[in-house]
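Shown next, in C-alpha cells, is the structure this report addresses.
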Amino acid sequence: MSDYRAEFVEFAVDSQVLCFGEFKTKAGRLSPYFFNAGLFNDGEKLKRLGEFYAKAIVDSGIAFDVMFGPAYKGIPLAASIVIALAGMGRNVPFAFNRKEAKDHGEGGTVVGAPLQGRVLIVDDVISAGTSVRESVDLIRASGAAPAGVVIALDRMERGRGDKSAVQEVREQYDIPVVAVVTLDNLVEFLERDANRRTELQAVANYRENYGV
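In C-alpha cells:
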C-alpha cells in the first residue's frame, strides 16, 4: 500500500469517519464497517482530506480541465481538493450544483466555473451511482465531457447485479473511477494490527458474501 493510502486509512479511523461495528447499508446489508465523510467536519480534517484526494488524482494521471462537486458532500470536497492542488502548483477551476434551479441573480443550477472541456467529478463514495448519473447528465447538457470520477473509498462490493457500483459506472460511461483507498487497503490496515483480528474476520466474512 503506498504511503498516502495507508496514512489515509489511519486518518479516517482516527477521525471516526471509518468505524467498525454493525451498520445497515442502503441495500439492507449488515456491514461490519461504515464510512461517513460528513465527519471530516473541521478545517484541519478538510485540509488533509483535500491533500489525500489531490495525491490520488495526480497518481491517476487523469487529464481534466474543471473539477465538479455534486451537492452536497461534493461541494466542500471539490473546494478542498482544488486548494490542495493549488498548493502543489496546479490551479484548477471548480464548480458545483444546486439541488434546485435559481431563477434570479446568475440563475441556473451550476455555481462556480463554467462546465467546459473535460470535467472531473469528485464525491465521497459511489453507492447506487445516482449522484454520478446526475452529474454526467449535467456535464453533458453543458456541452462538456466527463473525464472521470474520484471517490474516497471503493467498498468493492456487489450492487444490484454481479458487479460493483464502481464497475457499473466505469462500464456505463466509459470513464475511469479512482478511489483514494479501496477495501483492499482497509484489509491491509486491519492485518497490521493484532488487536483488530475480530474486525478483520468480520470484514472477511462480509466480503465473502458480497464482494466482487
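The numbering of the sequence shown is the numbering used here, which starts it at 6 and goes up by one.
Where is the CB? At the ideal position from N, CA and C, for every residue including glycine.
Asked                                                                                            : Found
DSSP three-state assignment for Lys52, whether helix, strand or coil                             : helix
Through-space distance from Met93 to Cys24, alpha-carbon basis                                   : 31 Å
Contact check, Ser132 vs Lys60, beta carbons under 7 Å                                           : no
Residues bridged to Lys29 [DSSP beta-bridge criterion]                                           : Leu35
Delimiting residues of the alpha helix (DSSP H) encompassing Arg202                              : Arg202 to Tyr215
Rounded straight-line distance, which links the Cα of Phe16 to that of Thr135                    : 27 Å
CA nearest to the CA of Glu196, picked from Ala209, Val22, Val116 and Phe99                      : Ala209
Inter-residue spacing [alpha-carbon to alpha-carbon] between Thr187 and Val174                   : 16 Å
For Ile220, the residue or residues it bridges with in DSSP                                      : Because residue 220 is not part of the residues shown, which for the chain are 6 to 217, the question remains open.
Asp70 versus Tyr215, Phe28 and Pro119, residue with shortest Cα-Cα distance                      : Pro119
Cβ pair Val171, Ile126 closer than 7 Å                                                           : no
Buried or exposed by the 16-neighbour rule on C-beta atoms within 10 Å, applied to Val3          : Outside the displayed range of the chain (6 to 217) lies residue 3, so it cannot be described from this structure.
Three-state class that DSSP yields for Asn102 in the structure shown                             : strand
Unbroken alpha helix (DSSP H) run spanning Leu44, endpoints                                      : First-last for Leu44: undefined, no H or E at that position.
Alpha carbon of Leu51 to alpha carbon of Leu82, nearest angstrom                                 : 8 Å
Selected residue, minimal CA-CA separation from Pro4, among Ala76, Gly48 and Glu162              : With the chain covering only 6 through 217, there is no way to say anything about residue 4.
As assigned by DSSP and simplified to three states, the class of Ser169                          : strand
Per-residue burial, Arg165 [other beta carbons within 10 Å of its own, 16 or more giving buried] : exposed
Span of the beta strand (DSSP E), counted from its first residue to its last, around Val124      : Arg123 to Val127
Cutoff 7 Å; reference Ile88; Cβ partners in own chain excluding five residues on either side     : Gly55
Nearest-angstrom Cα separation, counted from Asp159 out to Arg103                                : 26 Å
Val130: first and last residue of the uninterrupted alpha helix (DSSP H) it sits in              : From DSSP, Val130 is part of no alpha helix (DSSP H); its letter is neither H nor E.
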